[in-house]
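This report concerns only the one structure given below.
Dropping the structure here:
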């Protein structure tokens, strides 16, 4: 006999609703992704009486409450902190929607908390426009950088994630090199076709012992990982149609690309392995110490 569903006000159901809202805030996952059937099946697998939270419950009641608490905490930090590091990380439209509060009605909360009483004179931001290549996203990034780096009297400055900066240093030169960019795009197309082939997938796993990696839009170094693994393969043995194979010229360019960018990738992996993905965790302490010591010197004078 099927177990009856819990009413919406049941303690277990209310706890689930709250935890789903917290997941959305902490992971910056958009609500439409969280609401997919796979999540629903996972919940029902734990307890068939539970129901996936209603959209209105999350967006109109729980999220505003959570954001209000966050706003209070952030304002307290702004008032009491010696220094604040803003880690500005603009990569993809999904992440950017997350930073701006996911929902349109949350943008005002974000503005009040981060910008304080002063206006940044930005036009209203539509979540759908926040592609990383759009002029609007670049304008937001530029104004954030100008605001936080050039206002030492406000004790606020911007620090980029070191690991991501290593990737950004190489991203623009690769895009500006037409010959290399064409080879990377060609490889991405070949890898996509190979990953759809059962024979190709089995061959790759047998040869490399790991899956062939497709590139990820939010991680520039996925181009390196994709190329490093792919150039080791025999495309004919993988069963790839000859018309889709990489030319010898593309192959040579990609081999050089992997060798030239390997030091950057190794440095990136070292940072992650040592648990220091972002120097923004350390610089506020250093900056605060510098202010403290300067205060002692000024007092002595």
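Numbering (the working numbering), first residue to last: 71 to 371.
Note that the Cβ used here is the ideal one computed from N, Cα and C, for glycine as well.
Restricting to Cα atoms, I'd like to know which of the options is closest to residue i.
| i | options | result |
| --- | --- | --- |
| residue 92 | 128, 115, 74 and 73 | 128 |
| residue 305 | 328, 134, 281 and 264 | 264 |
| residue 116 | 133, 73 and 139 | 73 |
| residue 331 | 293, 253 and 139 | 293 |
| residue 326 | 303, 253, 85 and 136 | 253 |
| residue 335 | 256, 303 and 295 | 295 |
| residue 291 | 266, 311, 312 and 333 | 333 |
| residue 119 | 303, 131 and 83 | 83 |
| residue 299 | 257, 78 and 136 | 257 |
| residue 314 | 340, 337 and 267 | 267 |
Would residue i and residue j be called neighbours here (beta carbons separated by less than 8 Å)?
| i | j | result |
| --- | --- | --- |
| residue 124 | residue 75 | no |
| residue 301 | residue 250 | no |
| residue 297 | residue 328 | yes |
Is residue i helix, strand or coil by DSSP?
| i | result |
| --- | --- |
| residue 111 | helix |
| residue 74 | coil |
| residue 270 | helix |
| residue 301 | coil |
| residue 79 | coil |
| residue 280 | coil |
| residue 291 | coil |
| residue 84 | helix |
| residue 248 | helix |
| residue 316 | coil |
| residue 334 | helix |
| residue 259 | helix |
| residue 306 | coil |
| residue 118 | coil |
| residue 90 | helix |
| residue 37 | Residue 37 cannot be examined here, being either before or after the span of the chain that is shown, 71 to 371. |
| residue 131 | helix |
| residue 243 | helix |
| residue 124 | coil |
Please classify residue i as buried or exposed, where buried requires at least 16 neighbouring CB atoms within 10 angstroms.
| i | result |
| --- | --- |
| residue 280 | exposed |
| residue 283 | buried |
| residue 87 | buried |
| residue 112 | exposed |
| residue 308 | buried |
| residue 310 | buried |
| residue 132 | buried |
| residue 303 | buried |
| residue 193 | In this predicted model, residue 193 has a pLDDT of only 44, less than 50, meaning its place in the structure is not dependable enough to derive any value. |
Does the Cβ of residue i lie closer than 7 Å to at least one heavy atom of the ligand NAD?
| i | result |
| --- | --- |
| residue 273 | Inclusion of the ligand NAD in the displayed structure is not the case, the ligand content being empty and no account of it being possible. |
Exercise for review: Check whether the segment 241-249 touches the segment 278-287, counting contact only when three or more Cβ pairs, one atom from each stretch, lie closer than 8 Å.
Suggested key: The segment 241-249 is not in contact with the segment 278-287.
Check your understanding: On the three-pair Cβ rule with 8 Å, is the segment 318-335 touching the segment 264-276?
Key -> no
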